[in-house]
Amino acid sequence: MSLDLLFQPFTIKNLTLPNRLVMAPMTRSFSPGGIPTDEVAAYYRRRAEADVGLIVTEGTVVDRPAARNDENVPIFYGDALPAWKKVVDEVHAAGGHIAPQIWHVGSARGQGADWKPFGKVDSPSGMTAPDKVKFEPMTEEEIADTISAFEKSAGHARELGFDAVEIHGAHGYLIDQFMWDGLNRRDDRWGGKTLSERSRFAIEVIKAVRRGIGEDIPLIMRLSQWKQQDYTVQMAKTPDEMAAWLQPMAEAGVDVFHCSQRRFWEPEFEGSDLNFAGWAKKLTAKPTITVGSVGLDGEFLASLTKGEGAHKSDLNELLRRLEREEFDLVAVGRALLADPQWASKVKAGKFDETVDFDRKHMMNLY
101 MSLDLLFQPF
111 TIKNLTLPNR
121 LVMAPMTRSF
131 SPGGIPTDEV
141 AAYYRRRAEA
151 DVGLIVTEGT
161 VVDRPAARND
171 ENVPIFYGDA
181 LPAWKKVVDE
191 VHAAGGHIAP
201 QIWHVGSARG
211 QGADWKPFGK
221 VDSPSGMTAP
231 DKVKFEPMTE
241 EEIADTISAF
251 EKSAGHAREL
261 GFDAVEIHGA
271 HGYLIDQFMW
281 DGLNRRDDRW
291 GGKTLSERSR
301 FAIEVIKAVR
311 RGIGEDIPLI
321 MRLSQWKQQD
331 YTVQMAKTPD
341 EMAAWLQPMA
351 EAGVDVFHCS
361 QRRFWEPEFE
371 GSDLNFAGWA
381 KKLTAKPTIT
391 VGSVGLDGEF
401 LASLTKGEGA
411 HKSDLNELLR
421 RLEREEFDLV
431 AVGRALLADP
441 QWASKVKAGK
451 FDETVDFDRK
461 HMMNLY
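All residue numbers for the sequence shown refer to the working numbering, where the first residue is 101 and numbers rise by one.
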């Protein structure tokens, strides 16, 4: 199929992208003390110079004591803001577009047996896994302060000149912890028996971020069914449950849903071959981004947990789905880690010249 499909412009609100390729957010941990370095700025610029339509940064955390679980994960407040301005300027100088992914890890622990949180841990019910309580649940005051922290970071994004903003609501981190019944056992207004009830915290964060960025900047919401704590979780088990989950988010201010799967080609529900992004678009009428092992024959979790590499695989199934408008944008992760020129090579029809992914590519800023 024609690769031209990937290189058609796409417009959302005040943002026109030159193509449908998005650099997926990937935690790199190369920001000592939370401050992005010149090397980080150059890392993003290289992708912008090589035909990536939109760069979504690695997760960058809001101003809460334990919003990150790694001291080398970037922050998005205070002393880090001038460094983020340099990142924006570098990407724009290369003709690119960029969005920060605003994040809070919640009760997700860091690496190492001796790891300790940087402050009081925020989580809905103090749980790190289903039925494993290690911390105190968030108070109303802490919830309100966290929502405010998201709004402040969103305001910083606008002031720094970012082109869009993404909220990280996936993969078992704080926002996702509120939505997942495995980690949210609250009996107040922040809990509930249904997924839509447990999404109240996410809705309030979305509203806060929309206030922070205004109406003209696109707001992206990254979601997943699976969790790092349990890869098999399916929170919305039917299209009706998914509609009740996503439609209020769209009404609250989400412009684009970024739908994370381990493998983009897998159907979300029986009786249809639509993937997560396909269902999200059908149910909300909002544009969607698909992601999950694009251009590779091995999926991310195997790379992360087993150190496995991944070889290039053709894009025909992706193009088939894009042609039928199942989704609008395509996020690429490990392929762009391994090869900053990946998008340019694909555009030139030189897919065979792209670099296979190896775990070593996660250990350096290429």
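Glycine residues also receive a C-beta, built at the ideal position from the N, C-alpha and C atoms. Bear in mind the structure is a predicted one, so any value in this text is a computation, not a measurement.
- Glu-266: member of the beta strand (DSSP E) spanning 265-268, first to last residue.
- In this structure, the CA atom of Lys-252 is about 11 Å from the CA atom of Arg-164.
- For the pair Ser-360 and Val-391, the CB atoms are nearer than the 7 Å cut-off.
- DSSP places Gly-449 in the coil class of the three-state scheme, outside both helix and strand.
- By the neighbour-count definition (other C-beta atoms within 10 Å, threshold 16), Thr-384 is a buried residue.
- Contact check for Gly-206 and Gln-277: beta-carbon distance about 5 Å, within the 8 Å limit, so the pair qualifies.
- Between the segment 219-228 and the segment 266-281, the count of Cβ pairs shorter than 8 Å is three or higher; the stretches touch.
- By DSSP's assignment, Arg-322 forms a beta bridge with His-268, His-358.
- The beta carbon of Phe-235 is closer than 7 Å to those of Ser-207, Val-221, Ser-223, Gly-226 in its chain, skipping five residues each way along the sequence.
- If you check the CB distance, Arg-311 and Leu-319 do not come in under 7 Å.
- According to DSSP, residue pairing for Val-233 in a beta bridge involves Met-227.
- When the beta-carbon positions are compared, Ala-194 and Glu-149 come within less than 7 Å of each other.
- Asp-439 and Glu-259 have their alpha carbons spaced roughly 31 Å apart.
- Listed in chain order, the non-local C-beta contacts of Glu-171 below 8 Å within the same chain comprise Pro-132, Gly-133, Gly-134, Phe-218, local neighbours out to five positions each way being set aside.
- The C-beta distance from Ile-198 to Tyr-144 rounds to 7 Å, short enough to fall under 8 Å.
- In this structure, the beta-carbon distance from Arg-424 to Phe-457 does not fall below 7 Å.
- Between the alpha carbons of Ile-247 and Ala-302 lies a gap of roughly 9 Å.
- By the beta-carbon neighbour count (other beta carbons within 10 angstroms, threshold 16), Pro-367 is exposed.
- Considering only Gly-314, Phe-369, Arg-362, the residue with the shortest C-alpha distance to Gly-353 is Gly-314.
- Scanning the segment 280-354 from its first residue to its last, the whole alpha helix (DSSP H) runs of 4-plus residues come out as 295-298, 300-313, 339-352.
- When Val-394, Asp-452, Ala-448 are compared, the shortest CA-CA separation from Leu-437 is found for Val-394.
- DSSP, read as helix, strand or coil, puts Lys-412 in strand.
- DSSP, reduced to helix, strand and coil, places Pro-200 within a strand of the structure shown.
- Between Phe-250 and Val-162 the beta-carbon gap is near 5 Å, inside 8 Å, which marks them as a contact.
- A distance of 7 Å or more separates the beta carbons of Asp-330 and Pro-387.
- Here the C-alpha atom of Asp-316 lies approximately 12 Å from the C-alpha atom of Phe-262.
- Thr-246 sits in a helix when the DSSP states are folded into three classes.
- Around the C-beta of Pro-109, fewer than 16 other C-beta atoms lie within 10 Å, and the residue is accordingly described as exposed.
- Around the beta carbon of Pro-182, a 10 Å sphere encloses fewer than 16 other beta carbons of the protein chains shown; the residue is thus reported as exposed.
- Beta-bridge partners assigned by DSSP to Leu-419: none are found.
- Within the same chain, Cβ atoms closer than 8 Å to the Cβ of Leu-295 are found at Met-279, Asp-281, Met-335, Ala-336, Glu-341, Ala-344, Trp-345, the five residues on either side in sequence being excluded.
- The three-state secondary structure of Ala-167, taken from DSSP, is coil.
- Judged by DSSP secondary structure, Val-140 falls within the alpha helix (DSSP H) whose first and last residues are 138-149.
- In the DSSP assignment, Thr-111 falls within the beta strand (DSSP E) that extends over 110-112.
- Taking 8 Å as the upper bound for CB-CB distance, Ile-389 and Ala-431 are in contact here, some 5 Å apart.
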